[in-house]
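The next block holds one structure in the form of structure tokens; read it before the comments.
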Amino acid sequence: MKRYFPFFLVVGILILTFIFPSVEFKNTGNTHFNTGDIAWMLMSTALVLIMTPGLAFFYGGMVNKKNVISTMLQSVICMVIITVMWGIFGFSLAFGDSFHGIIGNPATYFMMKGMLGNTTWKSAPTIPLLLFAMYQLKFAIITPALITGAFAERIRFNSYIIFLILFSIFIFSPLAHATWHPDGLLAKLGVLDFAGGTVVHMSAGWAALASALYLKKRNEVSHSPARITYVLIGTGLLWFGWFGFNAGSAFGANHLAVIALATSTTASAAAGLTWIFFDMLKGRKPSAMGTCIGAVVGLVAITPAAGYVSIPHSLAIGIISAVISNLVVEWRTGTSIDDTLDVFPCHGVGGMVGMLLTGVFANQNVNHSNTTGNGLFFGESHLFLIQVLALILVSIFAFFGSLLLLKITDMISPLRVSAEDEVIGLDISQHGEKL
676 MKRYFPFFLV VGILILTFIF PSVEFKNTGN THFNTGDIAW MLMSTALVLI MTPGLAFFYG
736 GMVNKKNVIS TMLQSVICMV IITVMWGIFG FSLAFGDSFH GIIGNPATYF MMKGMLGNTT
796 WKSAPTIPLL LFAMYQLKFA IITPALITGA FAERIRFNSY IIFLILFSIF IFSPLAHATW
856 HPDGLLAKLG VLDFAGGTVV HMSAGWAALA SALYLKKRNE VSHSPARITY VLIGTGLLWF
916 GWFGFNAGSA FGANHLAVIA LATSTTASAA AGLTWIFFDM LKGRKPSAMG TCIGAVVGLV
976 AITPAAGYVS IPHSLAIGII SAVISNLVVE WRTGTSIDDT LDVFPCHGVG GMVGMLLTGV
1036 FANQNVNHSN TTGNGLFFGE SHLFLIQVLA LILVSIFAFF GSLLLLKITD MISPLRVSAE
1096 DEVIGLDISQ HGEKL
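Note that the working numbering has the sequence shown beginning at 676, numbered continuously upward.
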């Protein structure tokens, strides 16, 4: 029966396409599309999508050679599964009519109904609603993919699929709704998260820590990266795609997009430089891996702040986040926590540092839509306290929620591969393929 169920599920989706063709045309009468904004958001959507293959290279190059294909596939499969879910009900869960600011009504845009015509999203009034939906889909894709670095080299592929579906429904969607929906709980509190520090990086980081604790240590903890050149390629693709991730979150070809692009690249550069200089301070050689990890940490940390802070403060965010994540990586290696590729120290901690520093450096002159206030650096404390509150609430929800989902998944299908399969490698044992 287990062998037949996945295909029966696909057949069920096929039947839904006949029942719900979603050909209704809506004309609101007062919409003014901007072709420049549409062109930029089409490009941004493609840029964010390329981040997931970039992440596959980034993670794939770090693991043992016998696990490269499985690790890369764990990212790429998200592009397949989450896209199908998003088109059926995922977009509705994140951006449908609000249920107490926690989750969207799955029926609002079920099977992408209401996407024809000139309907728009409130915060993106110059682009079609369908383009907004496709752009947000790319965030939903990469978030569960980020988690995979924590349990690399020891998770069963079939069980992972179950977990990523549950995570997308019960962790990502509520956080996206609460943060980015106008009626969302965190949005109404005034929380600032420009492009996903909370929704993407903190949720993935805390889920990664929960996964590392739940699945426990690998049988072979020490290993050599299979392809550092893959890591370099992955970093380039991630940095390139991140311009769509952050600058695209301005939802138009405008001044705010320019600011987000500039703060993103400067924070990344500052973090990459700081990481290797900090390693040298500790007596280590400047490495390609260190440069790449530092650059990505800077991109993670600037994500919530990209459209709210100035260039000098983006440099500060990059420097501070690199030092803190570097120290947390060093602390983690001295514990029994086997977060294979340090997802929590880099994405989780990087996201949290970025959230807090948004509350320190945000200034309303950078982004006039920021109605919560200026940051702590400018003598105001309200925004900073709101960011702290959001950090606490999201951390509790993402960590304990992920632990619960891991337990449920394990009850449905065992999460860990056998000791024998782990020794053979996941490429052969899970996929029958090898480099």
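We put the beta carbon where it would ideally sit given N, CA and C, even for glycine.
Query: Through-space distance from Asn-742 to Lys-1109, alpha-carbon basis; Result: 8 Å
Query: Residue range of the alpha helix (DSSP H) that includes Tyr-784; Result: Element bounds for Tyr-784: n/a, residue is neither H nor E.
Query: Collapsed DSSP secondary structure at Gly-880 in the structure displayed; Result: helix
Query: Sequence-distant residues of its chain with Cβ nearer than 6 Å to Pro-979 (five each side left out); Result: Asp-868, Phe-869, Gly-872, Gly-1029, Met-1030, Thr-1033
Query: Test item: CB-CB of Ile-757 and Leu-912 under 8 Å; Result: no
Query: Test item: CB-CB of Ala-782 and Ser-848 under 8 Å; Result: no
Query: Sub-8 Å separation of Ser-878 and Ala-1073 beta-carbons; Result: yes
Query: Cβ-Cβ distance between Val-866 and Ala-1065 below 8 Å; Result: yes
Query: Below-8 Å beta-carbon distance, Ala-991 vs any chain D residue; Result: The structure shown contains no chain D; it holds only a single protein chain.
Query: Simplified DSSP state of Ser-773, which is helix, strand or coil; Result: strand
Query: Residue nearest to Gly-765 in terms of C-alpha spacing, selected from Leu-791, Lys-740, Lys-813; Result: Lys-813
Query: Three-way DSSP call (helix, strand, coil) for Arg-1007 in this model; Result: helix
Query: Proximal residues to Leu-1078 (C-beta, below 7 Å), its chain only, five neighbours per side dropped; Result: Ala-885, Tyr-889
Query: Alpha-carbon to alpha-carbon, Ser-1104 and His-856; Result: 42 Å
Query: Cα-Cα separation between Gln-811 and Phe-693, rounded to whole angstroms; Result: 25 Å
Query: Contact set for Val-1041: own chain, Cβ-Cβ below 8 Å, skip 5 residues either direction; Result: Ile-934, Gly-982, Tyr-983, Val-984, Ser-985
Query: Span of the alpha helix (DSSP H), counted from its first residue to its last, around Gly-916; Result: 903 to 921
Query: Counted within 10 angstroms of its Cβ, other Cβ atoms place Trp-914 as buried (16 or more) or exposed; Result: buried
Query: Same chain, Cβ closer than 8 Å to Asn-833, five either side skipped, listed in chain order; Result: Ser-1088
Query: Helix, strand or coil at Gly-871 [DSSP, three-state]; Result: coil
Query: Assigned exposure category for Trp-917 - 16 Cβ within 10 Å defines buried; Result: buried
Query: Chain-order list of residues whose beta-carbon lies under 6 Å from that of Asp-712 (same chain, five-residue window excluded); Result: Thr-801, Ile-802, Gly-927, Ala-928
Query: Cα-Cα separation between Lys-891 and Leu-717, rounded to whole angstroms; Result: 41 Å
Query: Neighbour-count burial assignment, Glu-1097, 16 or more Cβ in a 10 Å radius; Result: buried
Query: Residue closest to Gly-993, alpha-carbon to alpha-carbon, out of Ala-883, Ala-945, Val-1018, Ile-763; Result: Ala-945
Query: Helix, strand or coil at Lys-813 according to DSSP, with G and I counted as helix; Result: helix
Query: Contacting residues, own chain, Cβ-Cβ under 7 Å from Trp-761 (five flanking each side not counted); Result: Leu-812, Ala-815
Query: Leu-691 versus Met-786: straight-line alpha-carbon distance, rounded; Result: 8 Å
Query: Sequence-distant residues of the same chain with beta carbon closer than 6 Å to Leu-730, five excluded per side; Result: Ser-750, Ala-820
Query: Beta-bridge pairing of Phe-700 - partner residues as DSSP gives them; Result: Leu-791
Query: Sheet register partners of Trp-796 (DSSP bridge); Result: Ala-799
Query: Same chain only: Cβ atoms within 7 Å of Thr-1084, ignoring 5 sequence neighbours per side; Result: Ser-834, Ile-837, Phe-838, Leu-841, Leu-1090
Query: Which listed residue (Leu-1051, Glu-699, Thr-1008, His-1043) has its alpha carbon closest to that of His-988; Result: Leu-1051
Query: C-alpha gap between Ile-846 and Gly-1076, whole angstroms; Result: 7 Å
Query: Endpoints, alpha helix (DSSP H) assigned at Phe-842; Result: 832 to 842
Query: Rounded distance between the beta-carbons of Phe-733 and Val-896, thought under 8 Å; Result: At roughly 20 Å, the Cβ-Cβ gap does not stay under 8 Å, so Val-896 and Phe-733 are not in contact.
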